[in-house]
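Taken in sequence, the protein lines are chains F and P.
Under the working numbering, the first residue of the first sequence carries the number 1, and numbering increases by one thereafter.
Under the working numbering, the first residue of the second sequence carries the number 1001, and numbering increases by one thereafter.
Virtual Cβ for every residue (Gly too), placed ideally from N, Cα, C.
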Amino acid sequence: MIDILYFASLRENLGQSREQLPLSSAVNDVAQLKTLLAQRDENWQQVFASDLPLMCAVNQNMANDQTRVSDGDEVAFFPPVTGG
Amino acid sequence: MIVSVQREDFSVDQVTRELCGERRDIGAVVSFTGLVRDLTQHADLCALQLEHYPGMTERALESIATEACQRWDIEDVAIIHRVGKLLTQQNIVLVVTLSAHRKQAFEAAEFIMDYLKTRAPFWKKEITLDGEHWVEAHDADQDAAKRWNGNDKQN
């Protein structure tokens, strides 16, 4: 299982702040996870398969599409940050 | 090193005194305070809602502070960032750098702010009389952060 967290406008758009997902053998990295999530419906596709800017972290470290995802990981998706 | 993500307001004097402690080698103290500014394109700003990623945000700030200490000749750093609901002209963020000399302290403080604005997981939402609206990231912030990239290794 992996934990997926959604923050800020992403959370509001997708209607949830976190979920647990069994990790299938088809998902080995962030890119493959995004492909899986994009299949849920049009809204999820818009978020995860379009050019809209999206940042992610794995186990609380900034990640990118190539970052590996393993069982037990915490993956977070969020819009570009706007602190400071 | 002082790194804090907190709802409560901070005092620049108090944080500076705490950071300096009993030191006798500090010649320069540089501090930057960021405030909530009412410059929305919508109706009057009522408040700014600051959200963060508990755990990761603190680590990201510690990482930025550590990098500043490695890259510049500074003695210590404080980064305080507030979250929750903040009103116009209230404090959002404080960066304090200590050094023997001012050039290093100024540059390190600028670096910390540029990296904080592009790498620390915070998100701002404007709350106005017309409704709520998420603030979008600015290209200018990315450009400002890039100039420090030199030897930086990105994930």
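Uninterrupted alpha helix (DSSP H) stretches inside the segment 1024 to 1107 of chain P (no shorter than 4 residues)
DSSP runs (the alpha helix (DSSP H)) wholly in the segment 1024 to 1107 of chain P: 1056 to 1071.
Verify whether the separation of the beta carbon atoms of Asp71/F and Leu23/F is less than 8 Å.
Result yes, Cβ atoms of Asp71/F and Leu23/F sit closer than 8 Å.
Which term fits Lys1117/P, buried or exposed, when burial requires 16 or more other beta carbons within 10 angstroms of its beta carbon?
Buried, by the Cβ-count rule.
Whose Cβ in chain F lies nearer than 8 Å to the Cβ of Glu1051/P?
Simply Phe7 and Ala8.
Pair within 8 Å by beta-carbon distance, Val1077/P and Ile1127/P:
Cβ atoms of Val1077/P and Ile1127/P: not closer than 8 Å.
Judging by CA-CA distance, which residue of Arg1007/P, Thr1033/P, Gln1006/P and Phe1122/P is the nearest neighbour of Thr1016/P?
Comparing alpha carbon positions, the residue from Arg1007/P, Thr1033/P, Gln1006/P and Phe1122/P closest to Thr1016/P is Thr1033/P.
Please name the residue or residues paired with Tyr6/F in a DSSP beta bridge.
Per DSSP, Phe77/F.
Beta-carbon proximity list for Leu1035/P, same chain, < 7 Å, skipping 5 on both sides:
So the list reads Gln1089, Gln1090, Asn1091 and Ile1092, once near-sequence residues are dropped.
Between Ala1100/P, Gln1142/P and Ala1144/P, which lies nearest to Arg1024/P when the distance is taken from Cα to Cα?
Sorting Ala1100/P, Gln1142/P and Ala1144/P by C-alpha distance to the C-alpha of Arg1024/P places Ala1100/P at the top.
Nearest residue (CA-CA) to Thr1066/P, options Ala1108/P, His1081/P and Ala1145/P
Nearest C-alpha to Thr1066/P: Ala1108/P.
Buried or exposed: where does Ala63/F fall if 16 or more other Cβ atoms within 10 Å of its Cβ makes it buried?
The residue is buried, with at least 16 neighbouring Cβ atoms inside 10 Å.
Which residue from Val58/F, Leu36/F and Ser50/F puts its Cα closest to that of Val75/F?
Out of Val58/F, Leu36/F and Ser50/F, the CA that lies nearest to the CA of Val75/F is found in Val58/F.
Phe48/F, enclosing alpha helix (DSSP H) - first and last residue
In this chain, the alpha helix (DSSP H) harbouring Phe48/F covers Glu42 to Phe48.
Please check if any C-beta of chain F sits within less than 8 Å of the C-beta of His1081/P.
At least one chain F Cβ lies under 8 Å of His1081/P.
Give me the DSSP bridge partner(s) of Val69/F.
For Val69/F, DSSP records no beta bridge to any residue.
Rounded to the nearest angstrom, how far is the Cβ of Phe78/F from that of Leu33/F, given a contact under 8 Å?
Actually they do not touch by this definition, with Cβ atoms about 14 Å apart.
Kindly identify the DSSP beta-bridge partner or partners of Trp1123/P.
Paired residue(s): Glu1051/P.
Measuring alpha carbon to alpha carbon, tell me which residue in Glu1022/P, His1052/P, Glu1058/P and Gln1104/P is nearest Val1029/P.
Taking only the C-alpha atoms, the option nearest Val1029/P is Gln1104/P.
Identify whether Leu1116/P lies in helix, strand or coil by the three-state DSSP scheme.
Leu1116/P: helix per DSSP, three-state reduction.
Run the proximity test for Val81/F: is its beta-carbon closer than 7 Å to any non-hydrogen atom belonging to the ligand SAM?
Among the ligands in the structure shown, none appear at all, so the ligand SAM cannot be discussed.
Check distances from the C-beta atoms of the segment 1024 to 1038 of chain P to those of chain F and list, in chain order, the residues that come in under 7 Å.
Those residues of the segment 1024 to 1038 of chain P that come within reach of chain F (Cβ to Cβ, closer than 7 Å) are Gly1034.
With DSSP collapsed to three states, give me the class of Val1005/P.
Val1005/P: strand per DSSP, three-state reduction.
Residues in the same chain with beta-carbon distance under 6 Å from Ile1079/P, minus the five sequence neighbours each way, listed in chain order, please.
So the qualifying residues of the chain are Val1003, Leu1061, Ala1065 and Val1095.
When we look at the beta-carbon of Lys1124/P and count the other beta-carbons within 10 Å, is it buried (16 or more) or exposed?
With 16 or more other CB atoms across the displayed protein chains lying within 10 angstroms of its CB, Lys1124/P is buried.
Considering Cα atoms alone, identify which of Asp1044/P, Ser1011/P and Ser1031/P is closest to His1133/P.
Closest by alpha carbon: Asp1044/P.
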